[in-house]
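In the numbering used here, the protein residues as written are 366 to 528. Every residue gets a Cβ at the ideal spot worked out from N, C-alpha and C, and that includes glycine.
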Ligand SMILES: [Zn+2]
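Here it is, written out as structure tokens:
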């Protein structure tokens, strides 16, 4: 069944992969290394095209968590300002990202509970102990029921080399 997307920031169908350029992902990995041992985060801008979530730009967000080495929490005002700045440049928010300086790029329990409905979460882990330095997850868009935590599943990360 297909639906028509009403807006580039709204997925018409469940995305099966996230597409990101190697330059952009490398830049996030480098920032994640620089910020270690604290986690760092980003707002992701791009669009949903068919079954793909395409990341075109990101905006770094400081970590406002009380325990920034254990979790990432964005400051609400900073997040809103990033959203508005993106909108001024015709950029559409499609999700968010944060780093795991230790361990793997898999979601933590807090990550599972903190996902935004109908959005992508990208986790970058430059020192991933399993060798997978980035993973993406999709948080389901729910029709009418409120379920906590929002159901989510891993989707592929497609790294694009720009020639
Ligand atoms: Zn996390």
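Simplified DSSP state of residue i, which is helix, strand or coil
{"i": "residue 435", "result": "coil"}
{"i": "residue 421", "result": "strand"}
{"i": "residue 416", "result": "coil"}
{"i": "residue 521", "result": "strand"}
{"i": "residue 398", "result": "helix"}
{"i": "residue 384", "result": "strand"}
{"i": "residue 367", "result": "In this prediction, residue 367 has a pLDDT of 48, which is less than 50 and means its spatial position is unreliable; what the coordinates show is noted afterwards. It is coil, neither helix nor strand."}
Assigned exposure category for residue i - 16 Cβ within 10 Å defines buried
{"i": "residue 426", "result": "buried"}
{"i": "residue 522", "result": "buried"}
{"i": "residue 453", "result": "exposed"}
{"i": "residue 416", "result": "exposed"}
{"i": "residue 406", "result": "buried"}
{"i": "residue 367", "result": "Reliability fails at residue 367, whose pLDDT of 48 lies under 50, so the model's placement of it is uncertain and the value that follows must be treated cautiously. Result: exposed."}
{"i": "residue 445", "result": "exposed"}
{"i": "residue 490", "result": "buried"}
{"i": "residue 435", "result": "exposed"}
{"i": "residue 462", "result": "buried"}
{"i": "residue 374", "result": "buried"}
{"i": "residue 428", "result": "buried"}
{"i": "residue 371", "result": "exposed"}
{"i": "residue 527", "result": "exposed"}
{"i": "residue 484", "result": "buried"}
{"i": "residue 474", "result": "exposed"}
Distance CB(residue i)-CB(residue j) smaller than 8 Å
{"i": "residue 411", "j": "residue 465", "result": "no"}
{"i": "residue 383", "j": "residue 520", "result": "yes"}
{"i": "residue 486", "j": "residue 476", "result": "yes"}
{"i": "residue 469", "j": "residue 440", "result": "no"}
{"i": "residue 393", "j": "residue 447", "result": "no"}
{"i": "residue 478", "j": "residue 514", "result": "yes"}
{"i": "residue 386", "j": "residue 525", "result": "yes"}
{"i": "residue 437", "j": "residue 472", "result": "no"}
{"i": "residue 418", "j": "residue 376", "result": "yes"}
{"i": "residue 423", "j": "residue 389", "result": "yes"}
(request) List in chain order: all unbroken alpha helix (DSSP H) runs of 4+ residues lying wholly within the stretch 455-509. (result) 474-478
(request) Check each residue's C-beta against every heavy atom of ligand 2 and list, in chain order, those closer than 7 Å. (result) The ligand content of the structure shown is limited to ligand 1, which means ligand 2 is not among them.
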